[in-house]
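Asker: Per the numbering used here, residue 0 is the first one in the sequence shown, and the count goes up by one each step.
Every residue gets a Cβ at the ideal spot worked out from N, C-alpha and C, and that includes glycine.
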Amino acid sequence: MFSLDTTPPDKYIITGTTTAEQLAISASKNSNCQKSTRGCVIYNPRTAWFAIGFNSPPQPLFCSGKCFDNCNKFAIHAEQMCINEALKIHRSAFGCVIAHVKTVGGNLVPSGEPSCWQCSRAMLEAGLSGMWLYHDYGWKLYDVLSFHKETLKNCGIDY
Ligand SMILES: [Zn+2]
Ligand SMILES: [Zn+2]
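Pasting the structure below:
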């Protein structure tokens, strides 16, 4: 139903020998959030560019132990930062693919089910076509409209 490059992020080479998964993991290492460290990469399968993002409060703010219960309100999520970067640098993220990772101690762990409506909404609005999310069984590709609908459903919203 959508024609995307379906190479998973651990196989998809973005630059040199670096995969999309490695880029997203290294982006997550910029996050200083004590609750959850996340990274994203947006790439266009037809060109060489990419943008990265990680979860963090907007500069000059930073995550402290105090924010633990409210990180989702203080921090810009990795997806949002990544979209902002893509728009700043490349003017558009239309038709691009986004991959999201959660890391613990720099290692990839399952992200959990889609649950962030702010991000899924922004991803759809930005015109992204595909979303890769890492589960305990491996990488799964969603089309962004289905991802948003599944997110809303998981948030108890029957759209
Ligand atoms: Zn935090
Ligand atoms: Zn989010």
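The alpha helix (DSSP H) that contains residue 148, what's its start and end?
Answerer: 143 to 153
Asker: Identify the continuous beta strand (DSSP E) that holds residue 132 and give its terminal residues.
Answerer: 129 to 134
Asker: Answer yes or no: do residue 128 and residue 95 have a C-beta to C-beta separation smaller than 8 Å?
Answerer: Yes, the Cβ-Cβ distance between residue 128 and residue 95 is below 8 Å.
Asker: Where are the beta strand (DSSP E) runs, 3 residues long or more, that stay fully inside the stretch 14 to 55, in chain order?
Answerer: Segments of the beta strand (DSSP E) lying fully in the stretch 14 to 55: 36 to 42, 49 to 53.
Asker: Name the one or two DSSP bridge partners that residue 126 has.
Answerer: In the DSSP output, where bridge partners are listed per residue, residue 126 has none listed.
Asker: I'd like the list of long-range same chain contacts for residue 134, defined as Cβ closer than 6 Å, with 5 residues on each side in sequence excluded.
Answerer: 109
Asker: Taking residue 113 as the reference, give the member of 142, 90, 103, 91 with the closest Cα.
Answerer: Selected option, being the one with the closest Cα: 142.
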